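Notes to accompany the following structure.
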Amino acid sequence: MADETSIKVSAAARDRLAQLAAEHGTTIRNLVEELAQNTPTRAEYAERAELARAELASALGQAPSAEAEAKARALLERLAGPQHGSQTAA
15 MADETSIKVS AAARDRLAQL AAEHGTTIRN LVEELAQNTP TRAEYAERAE
65 LARAELASAL GQAPSAEAEA KARALLERLA GPQHGSQTAA
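Quick note, the sequence shown lines up with residues 15 to 104 if you use the numbering used here.
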């Protein structure tokens, strides 16, 4: 295909991707494409957070306090584990 490209990774990363792909019954290509399509950017996380604030404000009559947001964010980070902890939005 004309819209394809390649990326270079270390042999260790390639081997790990191959193992992960095999465990998920897919290919490295599909694994990487799924990651790229399904992992929100920081801007997308921020947009989702703003939409959530608006929904909460609508349902509760007021937006959650900064303290409540911080507690919720900390809980979500603990639930997500170390691999997702740095993905939080504003």
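Glycine is no exception: its CB is placed at the ideal position from the N, C-alpha and C atoms.
Since this is a predicted model, take the numbers as computed values, not measurements.
query	result
Evaluate contact between the segment 76 to 86 and the segment 43 to 57, counting only Cβ atoms and requiring at least three cross-stretch pairs below 8 Å.	no
Give me the Cα-Cα distance between V23 and A71, rounded to the nearest whole angstrom.	45 Å
Where do the N-terminal and C-terminal ends of the alpha helix (DSSP H) with I42 fall, by residue?	42 to 52
For Y59, which of A36, R87, I42, T40 has the nearest alpha-carbon?	R87
Count the other C-beta atoms from every protein chain shown that fall within 10 angstroms of the C-beta of S100, then say buried if there are 16 or more, exposed otherwise.	Summary for S100: the model assigns pLDDT 49, below 50, so the residue's position carries little reliability, and this model does not support an answer.
Fully enclosed by the segment 51 to 81, which beta strand (DSSP E) runs are 3 residues long or longer?	none
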